[in-house]
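Residue numbers (the numbering used here), protein chains in the order written: chain B, 66 to 322; chain E, 25 to 165.
Ideal Cβ positions, reconstructed from N, Cα and C, are used throughout, including at glycine.
For clarity, every value in this text was computed on a predicted model and none was experimentally measured.
So the structure is just underneath, and the comments pick up after that.
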Amino acid sequence: NFSMDNEVRSSFIQRRLRSQERREMQREILSILGLPHRPRPHVHTKHNAAPMFMLDLYNTISTDAEPHGYSYYKPALPTQASPMVTSQDSRFLDDADMVMSFVNLVEQDQDLLHQQHRREFRFDLSRIPEGEAVTAAEFRIYKDFVQERYENETFIVSIYQVLQAPSNSEVELLLLDQRDIWAAEEGWLVFDLTPTSNLWLVKPEQNLGLQLVLEDSHGHRRNPRLAGLVTGTGPQDKQPFMVAFFKASEVRFRSIR
Amino acid sequence: SAHGSKGRQSNRSKPQRTVQDALKAVEAATDNLGFSKEGCKKHELYVSFRDLGWQDWIIAPEGYAAYYCEGECAFPLNSYMNATNHAIVQTLVHFINPETVPKPCCAPTQLHGISVLYFDDSSNVILKKYRNMVVRACGCH
Chain B
66 NFSMDNEVRS SFIQRRLRSQ ERREMQREIL SILGLPHRPR PHVHTKHNAA
116 PMFMLDLYNT ISTDAEPHGY SYYKPALPTQ ASPMVTSQDS RFLDDADMVM
166 SFVNLVEQDQ DLLHQQHRRE FRFDLSRIPE GEAVTAAEFR IYKDFVQERY
216 ENETFIVSIY QVLQAPSNSE VELLLLDQRD IWAAEEGWLV FDLTPTSNLW
266 LVKPEQNLGL QLVLEDSHGH RRNPRLAGLV TGTGPQDKQP FMVAFFKASE
316 VRFRSIR
Chain E
25 SAHGSKGRQS NRSKPQRTVQ DALKAVEAAT DNLGFSKEGC KKHELYVSFR
75 DLGWQDWIIA PEGYAAYYCE GECAFPLNSY MNATNHAIVQ TLVHFINPET
125 VPKPCCAPTQ LHGISVLYFD DSSNVILKKY RNMVVRACGC H
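Written out as structure tokens, the structure reads:
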């Protein structure tokens, strides 16, 4: 002789979790998320270029999902000068199960010490979960507006894959992509890294990084900074990074718990 | 019948009468009790990543509305949400043999995914889609 509502409520025990239970619950949710443990990022800021770009992608997905009737919390976003997500990125995103951005591992000082007219970039792809295949990958670098005296000049930006380590002998390079830019241009330059990423996944020992070379209209190598390329030093939200889109190539089962 | 062999051995017209009798009895009982049963419904459930203390590595979302399904799958089932044909039959059989056959279960019939954006140990950022994380609709199974 009781209401059904009370019956429903009484089946749930409401109490505060003990710390051990809390840890176990966190462990179970991490397992559902496919993570072996809680990530502990050592250095990070949500206002770096890569997290901001990824947040843009996240919001693209969230906006697409809303008309279907469910919604979830959307964080207050840092505003940015120019949109980072292109229509091509949106297409890659539709097809992807996972997107991952990679920070540049080459330290600024080390980079400046060795090169004046080229810049090196390295990305660690070893942490990609098994069973994920790269469907697209990009290297993204920001180009700022440059001083007036170069305003009418054009430059050629070339991205090379390093084939041989510099310590062995002469550096061997493979041209991946090239772009003509105006000095007055401003915004993100995007270079295709899809075949290179696939190679690096299969043969990690061949991941010796990328080199960027800047040439002026006369074919002379110039310092990338001259064209406004933000390579190492510069604002956090304009730092270069790599992004890869993945599709799960196999169905993964959770382990029995 | 909950016990297949016994059912097949009995007179064909007898189970038919039994079901009809059971339905009438349930209708009468429901009317007499005079309370409205809480049917199978979608209820609010918010999973907070912030409450888990994960805001240092999860960039977005702060949490998400997961919902859950709860409520009785009771006769007449077609007045509730999304009952399968089998659930309706199971309800009828439950009336006849409540000790052996339970009522159908209230469970999700449609689920949706969420996307989670987080840092890994190397401060790389991962955006991953997880399927079947949000209840979109409930029903009796």
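Give me the chain B residues within the contact set of residue i, using Cβ-Cβ distance strictly less than 7 angstroms, ordered along the chain.
i, result
"residue 150 of chain E", "163, 165"
In this structure, does DSSP put residue i in helix, strand or coil?
i, result
"residue 69 of chain B", "Reliability fails at residue 69 of chain B, whose pLDDT of 46 lies under 50, so the model's placement of it is uncertain and the value that follows must be treated cautiously. Three-state result, residue 69 of chain B: helix."
"residue 267 of chain B", "helix"
"residue 156 of chain E", "strand"
"residue 207 of chain B", "strand"
"residue 11 of chain E", "The first residue shown for chain E is 25 and the last is 165, placing residue 11 of chain E beyond what the model contains."
"residue 115 of chain E", "helix"
"residue 298 of chain B", "coil"
"residue 244 of chain B", "strand"
"residue 146 of chain E", "coil"
"residue 124 of chain E", "coil"
"residue 120 of chain B", "helix"
"residue 149 of chain B", "coil"
"residue 229 of chain B", "coil"
"residue 201 of chain B", "strand"
"residue 151 of chain E", "strand"
"residue 321 of chain B", "coil"
Considering only the beta carbon of each residue, do residue i and residue j sit closer than 9 angstroms?
i, j, result
"residue 330 of chain B", "residue 199 of chain B", "This structure gives no information on residue 330 of chain B, because the portion of chain B shown stretches from 66 to 322."
"residue 227 of chain B", "residue 206 of chain B", "no"
"residue 297 of chain B", "residue 171 of chain B", "yes"
"residue 196 of chain B", "residue 282 of chain B", "no"
"residue 220 of chain B", "residue 276 of chain B", "no"
Looking at the unbroken alpha helix (DSSP H) that takes in residue i, where does it start and where does it end?
i, result
"residue 156 of chain B", "152-160"
"residue 276 of chain B", "First-last for residue 276 of chain B: 275-281, but that is the beta strand (DSSP E), not the alpha helix (DSSP H)."
Going along chain E in order, which residues have a C-beta closer than 8 angstroms to the C-beta of residue i?
i, result
"residue 152 of chain B", "The premise fails here: residue 152 of chain B is roughly 18 angstroms from chain E at the closest Cβ pair, so nothing lies under 8 angstroms."
"residue 168 of chain B", "146, 147, 148"
"residue 98 of chain B", "140, 152, 154"
"residue 192 of chain B", "144, 145, 146, 148"
"residue 206 of chain B", "Neighbours of residue 206 of chain B on chain E: none; closest Cβ ~17 angstroms, over 8 angstroms."
Considering just the uninterrupted stretch of the beta strand (DSSP E) at residue i, what are its terminal residues?
i, result
"residue 307 of chain B", "306-313"
"residue 134 of chain E", "130-143"
"residue 193 of chain B", "Counting along the chain, residue 193 of chain B falls outside any beta strand (DSSP E), and DSSP gives it neither H nor E."
"residue 76 of chain E", "Unbroken run through residue 76 of chain E: none, as it is neither H nor E."
"residue 94 of chain E", "92-94"
At a CB-CB cut-off below 9 angstroms, which residues of chain B make contact with residue i?
i, result
"residue 76 of chain E", "87, 90, 91, 94"
Residue i versus chain E: which residues are under 7 angstroms apart at the beta carbon?
i, result
"residue 292 of chain B", "Within 7 angstroms Cβ-Cβ: nothing; residue 292 of chain B doesn't reach chain E, min ~27 angstroms."
"residue 116 of chain B", "83, 149"
"residue 189 of chain B", "146"
"residue 126 of chain B", "139"
Practice prompt. Give, in chain order, every residue of the stretch 110-124 of chain E whose Cβ lies closer than 7 angstroms to some Cβ of chain B.
Written response: Result list empty, no residue passes.
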